[in-house]
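Those sequence lines, one after another, are chains P and L. Under the working numbering, the residues of the first sequence are numbered 1059 to 1331, in order. Under the working numbering, the residues of the second sequence are numbered -8 to 151, in order.
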Amino acid sequence: MALALQTFSTVKDADAALKAAGTRYLGGGTLVVRATNEGDVSLSSFVRSTEPSLSTIAVSGGKIRLGASVTMAAIARHPDLSTLSPAARAVGGPAIRNMATVGGNLFAPAPYGDFAVALLALDATVRTDDGETPIETFLAKRDDSRAIVTSVGFALPSHGGFRFLKVSRVKPKGISVLSIAAVLEQAADGTVCAARIALGCMADRPMRARAAEKALLGRKLTKDGIAPALAAVGEGTSPITDPIASAWYRTQVLPVHLGRLLLGQVAGMETKA
Amino acid sequence: MAKVPVQFTLNGAEKAEFVDSGTTLLHALRDKIGDTSPKGGCHQGTCGACSVIIDGELRLSCLTLAETCNGAAITTTSGLSQGGVLHPLQRAFLDAFATQCGFCTPGMIMAAKVLLDQTPNPSRAEVVEALSGNICRCTGYEPIIQAVLTAARSNSQRAA
């Protein structure tokens, strides 16, 4: 079935066109073109915008703003975003990273959307023409979203404050068994004074590990110190079962990998399942 | 559905066609223009067999709409040989027995070409990373990795 593609120079015009039934926004194509290739007949037309701001990366005073059309490859090679590079490089192979966008990753269903896991841990806000929304709220309501995401914004943590781990079976690149992102603040004595932990594949979309975050407060990042967090990390999860791993398996290995992440035992962005 | 015009440079030659709106670049290349070097494998962005180079970047033609390529410079494996002489990557793939059924080979070579264009002397780990979006079900990958490393050495020797 042929699909109409409408290209607009402004987000505002694209937003208006997106309100038509059967219309989806076309970013990098890795989700929506894939859906049409798989025979999703609910789609009848694509809308896209070429507004330059969508492809802009702005870094200022520790604040980051990523346009929704910024690709994973652009993030991975940006000199000021080396902290985020492991999360961007965790998405697909080189060709996918040249196509997959920040905006698209917010809508990627598990087991995809590893970068959105990072954004959730970073407490990002998601901007549309209607305003800004905390990412957690946005993710919860994303299925009903009809406004074009224009950018995401967040503060870059201090060096070492952001940790990311993707677990996959295939090396060097595979679909996630799970992914974990954490933003930790530690006091001078090493105790954790603030923690945001986000999980991928432990629900149908990225989720916070609130019980584990709470259990980490006031604790040091030692084997004994993190034990309560590991015991609590499965709380509230509802992992997917897919050809990569069963929900049971994901539940069993989650504390193991969170432990490795918190103890700094992860050398690279990925670790073997 | 109305046809839409697409115009781009393919392997250095201007191409202009009318395609159905929503047509993928893979479909346009293979079925409209006649360049069958990009292969249609999974059509999901998983196998990499359809890989092409668009404006210097590796892309998946099965997930790229042809209309979005207007004005672009596209390179496919069929454009690599010059005057009947194989590109060093093609020669290395043959010499290293890096191709069996051959279905993944054009995509592998495209991925490898982007790597060598950007990193003329890659490490083995860099080759593995560059090919990580391309699946081969025949060779077990090792001959492919060796072929890319051999092509890199060959390029270096020519440049010296």
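All C-beta atoms, glycine included, are put in the ideal place defined by N, C-alpha and C.
Give the secondary structure of I1298 (chain P) by DSSP, where H, G and I count as helix, E and B as strand, and everything else as coil. On the first sequence, residue 1298 (chain P) is found 240 positions in, with the first residue counted as 1. In this structure, I1298 (chain P) counts as coil in the three-state DSSP scheme.
Neighbour flag for T1088 (chain P) against chain L, beta carbons, 7 Å: On the first sequence, residue 1088 (chain P) is found 30 positions in, with the first residue counted as 1. By this cut-off, T1088 (chain P) is an interface position.
One or two residues paired with F1104 (chain P) in a DSSP bridge: Reading the first sequence from its first residue, position 46 is the one you call residue 1104 (chain P). Answer is P:L1063, P:R1082, bridged to F1104 (chain P).
Quick check: is the beta carbon of N1156 (chain P) nearer than 7 Å to any beta carbon in chain L? Within the first sequence, the letter at position 98 stands for residue 1156 (chain P). Yes, its Cβ sits closer than 7 Å to a Cβ of chain L.
Is the beta carbon of G1125 (chain P) less than 7 Å from the beta carbon of T1108 (chain P)? Here residue 1125 (chain P) corresponds to residue number 67 of the first sequence, with the count starting at 1. Here residue 1108 (chain P) corresponds to residue number 50 of the first sequence, with the count starting at 1. Not a contact, by the Cβ cut-off of 7 Å.
Taking 7 Å as the CB-CB cut-off, is D11 (chain L) touching chain P? Counted from its first residue, the second sequence places residue 11 (chain L) at position 20. Closer than 7 Å to the CB of D11 (chain L) there is at least one CB belonging to chain P.
Whole angstroms are fine: how far does the CA of E8 (chain L) sit from the CA of L1 (chain L)? Here residue 1 (chain L) refers to the residue found at position 10 of the second sequence. Here residue 8 (chain L) refers to the residue found at position 17 of the second sequence. Pairing L1 (chain L) with E8 (chain L), the inter-Cα distance amounts to about 12 Å.
Any beta-carbon of chain P closer than 7 Å to the one on H34 (chain L)? Within the second sequence, residue 34 (chain L) is the residue found at index 43, counting from 1. Judged by the 7 Å Cβ criterion, H34 (chain L) is in contact with chain P.
Endpoints, the beta strand (DSSP E) within which A1093 (chain P) is located: On the first sequence, position 35 is the one that residue 1093 (chain P) refers to. Boundaries around A1093 (chain P) are those of the alpha helix (DSSP H), 1090 to 1095, since no beta strand (DSSP E) includes it.
The alpha helix (DSSP H) that contains G1161 (chain P), what's its start and end? One-based indexing of the first sequence puts residue 1161 (chain P) at position 103. Here the alpha helix (DSSP H) through G1161 (chain P) covers 1160 to 1163.
Please decide whether V1069 (chain P) counts as near chain L, where near means a Cβ-Cβ distance under 7 Å. Here residue 1069 (chain P) refers to the residue found at position 11 when the first sequence is read from its first residue. With 7 Å as the cut-off, V1069 (chain P) does not count as an interface residue toward chain L.
Own chain residues within Cβ distance below 6 Å of Q1064 (chain P), not counting five before or after: Translated into the one-based positions of the first sequence, residue 1064 (chain P) becomes position 6. The residues A1075, V1105, in chain order, have a CB closer than 6 Å to that of Q1064 (chain P) in the same chain once the five nearest residues on each side in sequence are set aside.
Since F(-1) (chain L) contacts I65 (chain L) with CB under 8 Å, what's their CB separation in whole angstroms? Locating residue -1 (chain L) in the second sequence gives position 8, counting from the first residue. Locating residue 65 (chain L) in the second sequence gives position 74, counting from the first residue. Going by Cβ atoms, the distance from F(-1) (chain L) to I65 (chain L) rounds to 6 Å, so yes, they are a contact pair.
Are the CB atoms of C38 (chain L) and S52 (chain L) within a distance shorter than 7 Å? Position 61 of the second sequence, counted from the start, is the residue given in the question as residue 52 (chain L). Position 47 of the second sequence, counted from the start, is the residue given in the question as residue 38 (chain L). Cβ atoms of S52 (chain L) and C38 (chain L): not closer than 7 Å.
Using a C-beta cutoff of 7 Å, does L107 (chain L) count as contacting chain B? Of the protein chains in the structure, P and L, none is chain B.
Own chain partners of G1283 (chain P) with C-beta closer than 7 Å, once the 5 adjacent residues on each side are dropped: Along the first sequence, read from residue 1 onward, the residue named residue 1283 (chain P) stands at position 225. The answer, listed in chain order, is R1277.
Could you check whether the Cβ of S123 (chain L) sits closer than 7 Å to any Cβ belonging to chain P? Position 132 of the second sequence, counting from 1, holds the residue named residue 123 (chain L). Closer than 7 Å to some Cβ of chain P, the Cβ of S123 (chain L) qualifies, so yes.
Locate the beta strand (DSSP E) running through T1141 (chain P), then write down its first and last residues. For the purposes of this step, residue 1141 (chain P) is taken as the residue at position 83 of the first sequence. Element bounds for T1141 (chain P): n/a, residue is neither H nor E.
Which residues in chain L sit within 9 Å of A1078 (chain P), going by Cβ to Cβ distance? Numbered from its first residue, the first sequence carries residue 1078 (chain P) at position 20. Within 9 Å Cβ-Cβ: nothing; A1078 (chain P) doesn't reach chain L, min ~15 Å.
Can you list, in chain order, the residues of the region 1151 to 1183 of chain P whose Cβ is nearer than 7 Å to any Cβ on chain L? G1151, P1152, A1153, I1154, N1156, M1157
Please state if the CB of V1090 (chain P) and the CB of R1082 (chain P) are separated by a distance shorter than 7 Å. To locate residue 1082 (chain P), count along the first sequence from 1; it is residue 24. To locate residue 1090 (chain P), count along the first sequence from 1; it is residue 32. Yes. Within cutoff.
Whether or not the region 1220 to 1233 of chain P and the region 1131 to 1145 of chain P are in contact is what I'm after, with contact meaning three or more pairs of Cβ atoms, one per stretch, closer than 8 Å; do they touch? As far as the Cβ criterion goes, the region 1131 to 1145 of chain P touches the region 1220 to 1233 of chain P, which means the pair count is three or higher.
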